[in-house]
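This report refers to the structure that appears directly beneath it.
Protein chains: 2
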Amino acid sequence: MSKNLVRPQSISGFAEYLPAEQRAAQQMQERIRRQFELYGFTNIETPAVERLEVLLAKGGDTDKEMFLLQRLDPEADAEAKLGLHYDLTVPFARYVAQHYGQLTFPFKRYQMQPCWRGERPQEGRFRQFLQCDIDVVALDKLALSFDSEIPLVACEVLRSLDIGDFDLRISNRKITEGYLRALGLGENVPISVVTRWLDKLEKIGPTKIVEQLRELGVEQAERALALAQIQARDLSFAERVTALGVEHPLLEQGLQELTEVMQRLFESQQTGFLVDLSVTRGLDYYTGSVYEIRWNEFPGLGSIGAGGRYDDLASNYTSHHLPGVGLSLGFTRIFAKLVGTPRLPLPAPTPTQVLVTWLEPVPDKSRQLASLLRSKGICAEAYHEPAKLNKQLQYANRKQIPYVLFEADMQIKDMRSGVQVDVDLASWTPV
Amino acid sequence: MSKNLVRPQSISGFAEYLPAEQRAAQQMQERIRRQFELYGFTNIETPAVERLEVLLAKGGDTDKEMFLLQRLDPEADAEAKLGLHYDLTVPFARYVAQHYGQLTFPFKRYQMQPCWRGERPQEGRFRQFLQCDIDVVALDKLALSFDSEIPLVACEVLRSLDIGDFDLRISNRKITEGYLRALGLGENVPISVVTRWLDKLEKIGPTKIVEQLRELGVEQAERALALAQIQARDLSFAERVTALGVEHPLLEQGLQELTEVMQRLFESQQTGFLVDLSVTRGLDYYTGSVYEIRWNEFPGLGSIGAGGRYDDLASNYTSHHLPGVGLSLGFTRIFAKLVGTPRLPLPAPTPTQVLVTWLEPVPDKSRQLASLLRSKGICAEAYHEPAKLNKQLQYANRKQIPYVLFEADMQIKDMRSGVQVDVDLASWTPV
């Protein structure tokens, strides 16, 4: 060929699935959607892009990873600068602020959309990835019961996906902040710097944490660490914190909140909840409950879900006071580990349940039979041309179509068992 | 407030729906998906972005409307230039070329994803819009039966959406091209320039077409127009073309193909098919059947779907010969006209079917009842805190939740009829 071909290839960090994988992804999304809706969360979608000023309002370290849009046409009208959203929280905050008057609060929404970040691709990191978020946002005051509902729903979702052993780690930022303030921190060294180190406890270990805190000039490094090391699968954490002999009103409030939240979770029929006082999440906007989900089979994968409570979701976009609590599940990361395993086997690469053969040049019968099957809700194709039977069976085999209907003698063959029988379509249904 | 607020506002050309609208959009998408799958089309999704060289390989007039990505971080590694896809045909062509060895042909796929174009927003034009595409692509030879299957599926979809009166206009480029070549065109004036004018017949009328063609130096302007003016709802078009007294092998082949395609369509149980020989579609890559769907209620809206057959789908990316035929439905454009009308009424803004009241401070009963309902597949919320009954009923009313379950005396109220009765949850189901 004299033509210059553009080589078709994957773009690093952008996952793309073959048909069978895509069907598995769709099944998994439907399961998640179903759980969200059972709890009364309603779907919203926001455009892929937001104004740059909206994306940047929060500040933070995601800025550098942002993708901006640019028109190829250099003469394009000067337009508002736009960027692709890098999470679903910022678009949701803007959405709530913008449509405030048309929403009923508490507003429970889920959102399942791709996000984009210019991260350096590595295991479990993607530059386009599907996030599945649930959040509840209220006007002025948000009931604490939602702080337990959010992790409960997340748990139900992960169980419905049969992902195996995971820990949904829960803490409350008020505990950490009150405790550290009582230790005299927060004046020379910002609390957020200390909590960011404590949050790395599992990753880098206690010795390193104490070293790092010392280097920052934190004299009470061991006492700070003692709090972060508390883990519990029951309500004993409160006593253990109290035993550390530190008092602060914020600490008390945090303990009370966490106790109430954990009480409901431990009483629920779900398992996997773990109080872990090292969890603080890097993001500054969390002000109460914080959540982080680790998949114990894949400790190197990082968190597969995270979230928390924020005092004021949309304070950059509105003067209404809108507290919220939410959690985001990393679909792409979880799917990559599940697909093709016994937990999420690959389905056939086509939805077709019945292939109707077309052996004689006159096609009407094959097509009419396929049409009849479809009217009964069965996915059916008539083979697209008269051809040798072998060729048609090969097509069915390759596409893993479970049944072939022979139009000439009205017999149906189960391609998995090989059994072929007479069939009355009026009463027949696929197994 | 001293804080500078970023004003939350819509971005022109980017649709965003309120919860009830979004639920309607989801219902509509599910109906489309269902029809596609009934015919054995399998879903694929491609990343939102493609390499710029892939997007530009086709050439044409969409270049200027393309959105490129740029990293906000000026120090970001030099990466391949990326752009957002402006249709689903180009990504599909790249996908087929790339995964060629892992697909079974004929490969029938559907794709429902947003596309982006920097168009000047106006009625029916969006800068982010959802396209619903079906295509069949084969290796070397593609059966003509697919040229009738594609419009048949499109018709089934539009009927299932109850959009009312539409015309699915069909022609064959071979007819137009053979006819014009026989008239001696194609040497001084490119055929594609002439067909682009003929394609505007309905929009600008015959007088203007003849004028424009004359200006281009087309002496046979009236004879060219005579072909384009042929419309038929039966197979009579072939005789009428023959009666024009022009002969060309390509014309003959086109007439034969179109006759075979229309025969099946007219014999089907669907209606709305119209042979319209002015239809050629602007795009150069169509080589046989061409389709264009007009919604007769909204003549100014432009086409709500279009497509056709191309000899070689992925010739820019592979040397395999991959003929295809497909059609793209403009979801966003159709949805905008349907939503909120009796054809697609607004559902409630939440999936919740039952709200369980929470009147006493002890919450367990409400939550357990909600959990029981969910285990039966019913979307249920317990109210989030003990509150006055009025407040809880108001919440249910505003969210149009159809049932309220009073946990104290186990009665259920149908909020639409106002009827309240004793309930046994073991046997109860929502109507």
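Order-wise, the sequence lines are chains R and W. Note that the first sequence covers residues 23 to 453 in the working numbering. Note that the second sequence covers residues 23 to 453 in the working numbering. Backbone N, C-alpha and C fix where the C-beta goes; we use that ideal spot for every residue, glycine too.
Asked, Found
"Chain R contact residues for W:Ser258, given Cβ-Cβ distances below 7 Å", "By Cβ distance, chain R contributes nothing, its closest Cβ being about 22 Å from W:Ser258, past 7 Å."
"Secondary structure of W:Met23, DSSP reduced to three states", "Residue placement at W:Met23 cannot be trusted, given a pLDDT of 42 that sits under 50; what the coordinates show is reported in the next sentence. Looking at W:Met23 - three-state DSSP - the assignment turns out to be coil, as it is neither helix nor strand."
"is_contact[W:Thr340, chain R] using C-beta, thresh 9 Å", "yes"
"Range of the contiguous beta strand (DSSP E) that encloses R:Trp317", "Ser311 to Trp317"
"Residue-chain proximity (R:Trp450, chain W), Cβ-Cβ < 9 Å", "no"
"Below-9 Å beta-carbon distance, R:Asn65 vs any chain W residue", "yes"
"Buried or exposed by the 16-neighbour rule on C-beta atoms within 10 Å, applied to R:Asn338", "buried"
"W:Val301 CB to nearest heavy atom of the ligand COA below 8 Å", "The ligand COA is not among the ligands present in this structure, which contains no ligands whatsoever."
"Beta-carbon spacing of R:Ile231, R:Leu247 below 9 Å", "yes"
"Within 7 Å of chain W by C-beta, residues of the segment 164-180 of chain R in sequence order", "Ala165, Ser167 and Phe168"
"Neighbour-count burial assignment, R:Leu411, 16 or more Cβ in a 10 Å radius", "exposed"
"Continuous alpha helix (DSSP H) assignments of at least 4 residues falling wholly in the segment 371-449 of chain R", "386-397 and 411-420"
"Distance, W:Thr340 Cα to R:Arg29 Cα", "8 Å"
"Own chain, CB closer than 8 Å to R:Gln292, minus 5 neighbours either side, in chain order", "Leu174, Cys177, Glu178 and Arg181"
"Every unbroken alpha helix (DSSP H) inside the segment 138-225 of chain W [4 residues or more]", "167-182, 195-204 and 213-220"
"Test item: CB-CB of W:Glu429 and W:Leu368 under 9 Å", "no"
"Straight-line Cα distance separating W:Ile315 from R:Phe151", "34 Å"
"Chain-order list of residues whose beta-carbon lies under 6 Å from that of R:Gly329 (same chain, five-residue window excluded)", "Tyr313, Gly348, Leu349 and Ser350"
"W:Asp85 in three-state terms, based on DSSP", "helix"
"Residue range of the beta strand (DSSP E) that includes W:Leu7", "Residue 7 of chain W falls outside the range modelled here, since chain W spans only 23 to 453, and no answer is possible."
"Option nearest W:Gln285 by Cα separation, candidates W:Ser325, W:Val71, W:His343 and W:Arg255", "W:Arg255"
"Sequence-distant residues of its chain with Cβ nearer than 7 Å to W:Leu235 (five each side left out)", "Val216, Trp219, Ala243 and Ala246"
"Identified DSSP bridge partners for W:Glu72", "W:Gly105"
"Alpha-carbon spacing of W:Tyr122 relative to R:Gln442, whole angstroms", "33 Å"
"Where R:Ile434 falls, given that 16 or more other Cβ within 10 Å makes a residue buried", "buried"
"Inter-residue spacing [alpha-carbon to alpha-carbon] between R:Met358 and W:Ser32", "The sequence given here has Ala at residue 358 of chain R, not Met. For R:Ala358 and W:Ser32, the distance between alpha carbons rounds to 34 Å."
"Within chain R, partners of W:Pro345 - CB distance below 9 Å", "Ordered by position in chain R, no residue passes the 9 Å Cβ test against W:Pro345, which lies about 13 Å from the chain."
"Contact with chain W by R:Lys230, beta-carbon distance below 9 Å", "no"
"Alpha-carbon to alpha-carbon, W:Glu241 and W:Gln253", "23 Å"
"Contact with chain W by R:Val117, beta-carbon distance below 9 Å", "Note that residue 117 of chain R is Tyr in the sequence shown here, rather than Val. Yes, because at least one Cβ of chain W sits closer than 9 Å to the Cβ of R:Tyr117."
"Residue range of the unbroken beta strand (DSSP E) whose run includes R:Phe295", "Phe295 to Asp298"
"Contact with chain W by R:Lys86, beta-carbon distance below 9 Å", "yes"
"Rounded straight-line distance, which links the Cα of R:Ala370 to that of W:Ser24", "Legend: pLDDT at W:Ser24 = 45, less than 50; position of this residue unreliable, no value from coordinates given."
"Other residues of its chain near R:Pro452: CB distance less than 8 Å, five sequence neighbours each side excluded", "Gln375, Val376, Ile400, Pro424 and Tyr425"
"Where the beta strand (DSSP E) through W:Ile326 begins and ends", "Ser325 to Tyr332"
"For R:Ile156 and W:Tyr307, the rounded distance between their alpha carbons", "44 Å"
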